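Here the structure is laid out as structure tokens; the discussion comes afterwards.
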Amino acid sequence: MNFQFIPKIENSQFFLDVAFKAGTTSAERARSVARGTRMDKSKEIELARIVTVKKTICKKLDGILKAFPSFDQLNPFYSGLVSCYIDIMLAKKSLAAIAWANGMIERVFLQSMSRIKRAQELPKINGYRRALYGRASSLLKQIDDKLLYLEKVRYAMKGFPIIKEKYFTVAIAGFPNVGKTTLLSKLSGSTPEIKEYAFTTKSLNLGYMEEGAKVQLIDTPGTLNRFEKMNYIEKQAYLAIEHCAQIIVYVFDVTEPYPLSDQKKLLEELKNFGKPILFYLSKTDILSKEEQQKLEMPVLSLENLKKEVIEKAKVWEKEREEIEALAKEKETTEEKGENTVDEEGDYEDY
Ligand SMILES: Nc1nc2c(ncn2[C@@H]2O[C@H](COP(=O)(O)OP(=O)(O)OP(=O)(O)O)[C@@H](O)[C@H]2O)c(=O)[nH]1
Ligand SMILES: [Mg+2]
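The sequence shown runs contiguously to residue 936 in my numbering.
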């Protein structure tokens, strides 16, 4: 899913300025071609003006309504991510308010149109047009706070990672500062931000490997072993592990920016996701053999980790292809109107 293209949500004054300007252009165009009495001309000009104003505003509001995904239909990963940053109820209410304003503007426009058509006196025509401008402005001003909130929502969603669902996905997990991002860059060749202090990674970093299989690596923010009071940064890591990853690479660091016993406890918690876990020991370049053995667990070297990930990705890709082929076969059978009934009309036994 890709939320990068939701257009910027402007405030009500911006919409009004654009609409009124477009209205003036339409009115001038109508003035140059209008025929008949002064009354006919005036009606023609003002109708052209308000049609454009209404169309411009409603098109903008419609655009906002269409640009946002349905919050109820997001997949669990994005839905979880959205709730880390956004008050979903408020976002839904804001969209509902936009839809309401859109409908109201349509209604007041129709009223004004019919009044202008029926007007008997010249000054009344301008009066009705001004009244419409006033009502449209006040309706839009009423949703200004909603527009402002939706702009915040858009801005947050724009930063969401674009997860490729067709890629075998690996979540790199572990305590803060253990070397997860460094591992991502070693595996994928990408250059994300790496700093000496903990909690450098505030959102999900993505990297890719395409050697023999397509692999998507998600470098998750460092998490502490505190499931009850996770902050929104840590929650993202869990969402990626739970909903996106096929396997987890757990990074240990025996230089202990955090105690090894805590790192092992976190690993035990991650096992609850029921996903295969590969172990990697970081910073071996600055550790003696004895120091490395402090972990008392078998770990994979960078090279073997890479090989293991690619092997697992190949198996997963093959399974995926088989499942897709099965689905296609079923689709073709259904299209041809075939079923599993044999010639005698009985269903075959399986
Ligand atoms: N010598 C050495 N330093 C490393 C290695 N891996 C990471 N570091 C250093 O450890 C620090 C933290 O590395 P990161 O890769 O940012 O760690 P992280 O787990 O992503 O940290 P958070 O994003 O804060 O959770 C940085 O100063 C790195 O340069 C390694 O293999 N060898
Ligand atoms: Mg990091």
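C-beta: ideal position from N, C-alpha, C; glycine also. The structure presented is a predicted model; accordingly, all values stated were derived computationally and were not measured.
So, for residue i: in the same chain, excluding its five sequence neighbours on each side, which residues have a beta-carbon less than 8 angstroms away from its beta-carbon?
i      : result
Tyr936 : Below a pLDDT of 50, predicted positions are generally treated as unreliable, and Tyr936, at 45, falls in that range; the measurement from the model is reported next regardless. Within the same chain, Tyr936 has no close Cβ partners at all.
Leu708 : Arg624, Met625, Ser628
Asp648 : Asn688
Leu886 : Leu864, Phe865, Tyr866, Glu894
Taking all protein chains shown into account, do 16 or more other C-beta atoms lie within 10 angstroms of the C-beta of residue i, making it buried, or fewer, making it exposed?
i      : result
Glu897 : exposed
Asn890 : exposed
Ala556 : Residue 556 cannot be examined here, being either before or after the span of the chain that is shown, 587 to 936.
Phe591 : exposed
Asn763 : buried
Thr623 : exposed
Tyr741 : exposed
Leu667 : buried
Met883 : exposed
Ala911 : exposed
Ser787 : Just to set this straight, residue 787 is Thr in the shown sequence, not Ser. Per the 10 Å Cβ criterion, buried.
Ile636 : buried
Val901 : exposed
Ile650 : buried
What whole-angstrom Cβ distance do residue i and residue j have, given they're in contact under 8 angstroms?
i      : j      : result
Ala687 : Leu736 : With a Cβ gap of about 12 angstroms, Ala687 and Leu736 do not count as contacting.
Thr806 : Ile749 : With 8 angstroms as the limit, Thr806 and Ile749 do not qualify as a contact, their Cβ atoms being about 13 angstroms apart.
Phe761 : Leu810 : 7 angstroms
Ser698 : Leu718 : 4 angstroms
Ile833 : Leu856 : Not confirmed; about 11 angstroms, so no contact.
Val837 : Ser868 : 5 angstroms
Near residue i, which residues of its chain fall below 7 angstroms by C-beta distance, leaving aside the five closest residues on each side in sequence?
i      : result
Arg617 : Ile631
Cys670 : Tyr818, Lys821, Gln822
Asn791 : Thr767, Leu770, Pro778, Asp805
Lys772 : Leu888
Within a Cβ cutoff of 6 angstroms, which residues of the same chain sit near residue i, ignoring the five residues on either side of it in sequence?
i      : result
Ala608 : Thr638, Thr642
Thr919 : none
Closest Cβ-Cβ distance between residue i and chain C: below 7 angstroms?
i      : result
Gln728 : The question asks about chain C, but that chain is absent: this structure has only one protein chain.
(message) With three or more C-beta pairs closer than 8 angstroms as the rule, is the stretch 681-701 touching the stretch 834-850?
(response) no
(message) Under 8 angstroms, with one C-beta from each stretch per pair, do the stretch 659-670 and the stretch 826-837 reach the 3-pair mark?
(response) yes
(request) Could you tell me whether the stretch 718-732 touches the stretch 595-604, using the rule of 3 or more Cβ pairs below 8 angstroms? (result) yes
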